[in-house]
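One structure is given here, and the rest of the page talks about it.
2 protein chains.
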Amino acid sequence: MDTTLHAIADPRRRRILELVAHEELSAGDIASHFEVSRPAISQHLGVLKNAHLLIERREGTRRFYRARPDGLDELRGYLEHFWDHHLDQLKRAAELRERSVADGADG
Amino acid sequence: MDTTLHAIADPRRRRILELVAHEELSAGDIASHFEVSRPAISQHLGVLKNAHLLIERREGTRRFYRARPDGLDELRGYLEHFWDHHLDQLKRAAELRERSVADGADG
DNA sequence: CCGGACGGTAAGCATCCGCTTACGGTGGGC
DNA sequence: GCCCACCGTAAGCGGATGCTTACCGTCCGG
Chain A
1 MDTTLHAIAD PRRRRILELV AHEELSAGDI ASHFEVSRPA ISQHLGVLKN
51 AHLLIERREG TRRFYRARPD GLDELRGYLE HFWDHHLDQL KRAAELRERS
101 VADGADG
Chain B
108 MDTTLHAIAD PRRRRILELV AHEELSAGDI ASHFEVSRPA ISQHLGVLKN
158 AHLLIERREG TRRFYRARPD GLDELRGYLE HFWDHHLDQL KRAAELRERS
208 VADGADG
């Protein structure tokens with residue numbers, strides 16, 4: 001959880017994840033999308049891989065990366081249940097009621 | 108979004124959010140739950156407030172804090188739709204098929 | 001074997017981050 | 001007015017972080 005959050009807290013790493021969310025890309029391909037050096041991207045890939053957010057596939061000397069949706073499941077669960085669902089539902093219900101109360105008749 | 112993630116990336120700040128998720132607590136009350144100094148907590152509160160994750164209410168010289176569920180909505184939405192829902196469903200379907208395929212014939 | 005492409009790793013450096021102590025500002029009781 | 005409780009802010013310090021350059025290992029073609 002901490003590892004996951006730390007990994008996606010960096011904008012560059014989020015961008016990397018978005019890049020490989022829909023397609024598999026090689027390390028060099030990924031790096032070519034940024035203005036920082038390839039080693040920098042390689043280090044980011046290491047962090048993401050360590051957080052189980054990436055899948056690595058080797059083909060010859062190339063390494064292809066792909067996002068791993070499962071990696072975010074834990075975090076999603078955490079955020080979903082951060083406040084009990086009850087609270088969340090109460091909040092939304094309250095919002096709806098506030099509108100009705102504030103508006104009265106008009107839409 | 109970046110501000111939100113940066114804010115909750117810190118374990119201590121997450122703990123603070125959890126503390127005030129269900130009840131309103133004063134700054135000193137919150138600080139008493141940790142072993143670091145009050146100024147440290149005050150700084151964390153500042154970060155959380157800046158990320159719109161906290162609501163502050165002043166009562167005399169005391170300041171009460173409460174978590175603000177809305178603050179995480181954006182992040183939750185981001186994570187939900189990180190990969191299209193389609194992809195997510197395809198993934199799960201693929202996983203199931205892979206198991207079958209591993210046994211019998213492949214595509 | 002030799003050269004080149006690919007890419008991870010090591011070392012060094014500037015910056016950021018979280019913590020501490022010291023301080024200032026505000027509000028309430030007497 | 002005076003003192004105290006409460007709490008944010010300033011300044012400084014040590015460790016973490018992200019970047020760079022330099023380097024090494026691996027795989028392929030000749």
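Line order of the protein sequences matches chains A and B.
With my numbering applied, the first sequence corresponds to residues 1 to 107, in that order.
With my numbering applied, the second sequence corresponds to residues 108 to 214, in that order.
Heads up, the beta-carbon is just placed ideally off N, CA and C, and yes, glycines get one too.
- Taking 9 angstroms as the CB threshold, ALA51/A stays off the interface with chain B.
- Among the CB atoms of chain B, none fall inside 9 angstroms of the CB of ILE30/A.
- Leaving aside the five residues that flank ALA67/A on each side, the residues in its chain whose CB is nearer than 6 angstroms to its CB run, in chain order, LEU17, VAL20 and ALA21.
- Contact of ILE123/B with chain A is not assigned, every C-beta pair being separated by 9 angstroms or more.
- SER42/A carries a helical assignment under DSSP once its states are collapsed to helix, strand and coil.
- Going by beta carbons, LEU186/B and ARG76/A fall inside the 9 angstroms limit.
- Neighbours of ILE115/B in chain A, taken as residues whose beta carbon is under 7 angstroms from its own, are LEU5 in chain order.
- In the DSSP assignment, the residues bridged to ARG58/A are ARG63/A.
- Chain A places no beta carbon closer than 9 angstroms to that of GLU142/B, leaving this residue out of the contacts.
- At a beta-carbon threshold of 8 angstroms, the residues of chain B lying near ARG76/A are ARG183, LEU186 and GLU187, ordered along the chain.
- When 8 angstroms is used as the limit between beta carbons, LEU179/B is near these residues of chain A: LEU79 and PHE82, in chain order.
- CA-CA distance, GLY71/A to GLY167/B, rounds to 46 angstroms.
- Distances from the alpha-carbon of GLU130/B to those of GLU163/B, GLU181/B, HIS188/B and MET108/B put GLU163/B closest.
- Chain B places a beta carbon closer than 9 angstroms to that of PRO11/A, counting this residue as a contact.
- The beta-carbon of ALA40/A is placed no less than 9 angstroms from the nearest beta-carbon of chain B.
- Interface with chain B (9 angstroms Cβ-Cβ cutoff): ALA27/A is excluded.
- Distances from the alpha-carbon of GLY46/A to those of SER32/A, MET1/A, ASP73/A and ARG63/A put ARG63/A closest.
- In the three-state reduction of the DSSP assignment, LEU160/B falls in the coil class, being assigned neither a helical nor a strand state.
- Per DSSP, LEU72/A lies in no alpha helix (DSSP H) segment and is marked neither H nor E.
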